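> Quick note, the sequences are listed as chains A and B, same order. Residue numbers for the first sequence follow my numbering, so the first one is 1 and each next one is one higher. Residue numbers for the second sequence follow my numbering, so the first one is 1001 and each next one is one higher. My questions all concern the structure below.
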Amino acid sequence: AAVQDNLRIFYGRD
Amino acid sequence: MLEARLQTGALLKKVLEAIKELITDANFDCSDNGIALQAMDNSHVALVALLLRHDGFEPYRCDRSLALGVNLVSLSKVLRCAGNDDIITLKADDTADVLSLTFENTDNDRISEYELKLMDIDSEHLGIPDTTYEAVVQMSSAEFARICKDLQVLSDSVQIDVTKEGVKFGAKGELGSGAVTLKQNGNVDKEEEATLIELQQNVSLNFSLKYLVNFTKATPLASRVSLSMSSEVPLLVEYKMEAGYIRYYLAPKIGE
Chain A
1 AAVQDNLRIF YGRD
Chain B
1001 MLEARLQTGA LLKKVLEAIK ELITDANFDC SDNGIALQAM DNSHVALVAL
1051 LLRHDGFEPY RCDRSLALGV NLVSLSKVLR CAGNDDIITL KADDTADVLS
1101 LTFENTDNDR ISEYELKLMD IDSEHLGIPD TTYEAVVQMS SAEFARICKD
1151 LQVLSDSVQI DVTKEGVKFG AKGELGSGAV TLKQNGNVDK EEEATLIELQ
1201 QNVSLNFSLK YLVNFTKATP LASRVSLSMS SEVPLLVEYK MEAGYIRYYL
1251 APKIGE
């Protein structure tokens, strides 16, 4: 099974 | 203050349809560049970035940057009161506690005015760097919508494989499996339907179909869609409009 990543892992706060 | 008059009000209706199921509240960031919005869905898996450039409005006036906090369901309800051919004018003053919307019909003999209460939204703004993707697929937006809908019958997720020959969308589930392959065909007569691939290297990625199907609600905004992919980074699905864009980012599914 695959889990869904969180976008915060990829993009930091502006 | 903001004053933005949109000749084709239907555009704003379509934009709302394209985002309202993914996000509930968002700030419309108005500046002299135009109206922008960036918001993540509640689960922080998908992000919408919208830009309506100033040149898409006539006139467009925004002398001071404003963040208009809008409940998108409410705005979409109000926009349903506008006719498809209506000219829509958005106005807000610097206190930004209400958004005024005026709908004028094309005969200019029916003018309706609404005011929508605004709210303070403490939104998290992500910095998305310019990215060179390993694979960029440009294709018909209607075809992309059809593939996502069809494969959702089989599975919650889709595997997208891109090679220089084409792009393959595959799904496997309890009832069986399915795949749709589109060959690169830049020479077809109908440019709108061509599948074009720019490739640095082959990619194979898994994404949630529920989100992709949600993104395809933007199909009425553009006849083309581009899918930008690199291993282990979010997918970018972009619909370009005449004066702006709607971009969706979706985090990839990863093995447990």
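Ideal placement from N, C-alpha and C gives every residue a C-beta, glycine not left out. Only a predicted model underlies this, so the values are computations on that prediction, with no experimental measurement involved.
Excluding the 5 residues flanking R1110/B on each side, which residues of the same chain have their C-beta closer than 6 Å to its C-beta?
Around R1110/B: no qualifying Cβ.
> Would a check of beta-carbon distances place P1059/B closer than 7 Å to chain A?
No, P1059/B does not count as interfacial toward chain A.
> Please go through the same chain and pick out, in chain order, the residues whose beta-carbon is closer than 6 Å to the beta-carbon of R1061/B, but skip the five residues on each side of it.
Taken in chain order, the residues that qualify are E1003.
> Could you tell me which residues DSSP puts in a beta bridge with C1030/B?
Paired residues: I1035/B and L1066/B.
> Indicate whether at least one CB of chain A lies closer than 7 Å to the CB of L1126/B.
Judged by the 7 Å Cβ criterion, L1126/B is in contact with chain A.
> Anything in chain A within Cβ reach of V1158/B, meaning under 9 Å, just list it in chain order.
Ordered by position in chain A, no residue passes the 9 Å Cβ test against V1158/B, which lies about 11 Å from the chain.
> Nearest by alpha-carbon distance to D1120/B: which of L1068/B, Q1159/B and T1163/B is it?
When each option's Cα is compared against that of D1120/B, the closest is L1068/B.
> Considering only DSSP beta bridges, list what T1181/B is partnered with.
Looking at the DSSP assignment, T1181/B forms a beta bridge with K1168/B.
> Tell me, please, whether the region 1132-1147 of chain B touches the region 1215-1227 of chain B by the rule of three or more beta-carbon pairs shorter than 8 Å.
Judged by Cβ distances under 8 Å, the region 1132-1147 of chain B makes contact with the region 1215-1227 of chain B, as three or more pairs qualify.
> 7 Å is my cut-off, CB to CB: does P1220/B come that close to chain A?
No - not a single Cβ of chain A is within 7 Å of the one on P1220/B.
> What in chain A is Cβ-close to L1235/B, meaning under 7 Å?
Ordered by position in chain A, no residue passes the 7 Å Cβ test against L1235/B, which lies about 11 Å from the chain.
> Can you give, in chain order, each stretch of the beta strand (DSSP E) that sits fully within the region 1095-1178 of chain B and has at least 3 residues?
Fully enclosed beta strand (DSSP E) runs of 3 or longer: 1098-1104, 1111-1117, 1135-1140, 1157-1162 and 1166-1173.
> From what residue to what residue does the alpha helix (DSSP H) around P1010/B run?
Position check: residue 1010/B holds Ala in this sequence, whereas Pro was assumed. From DSSP, the alpha helix (DSSP H) with A1010/B extends over G1009 to I1019.
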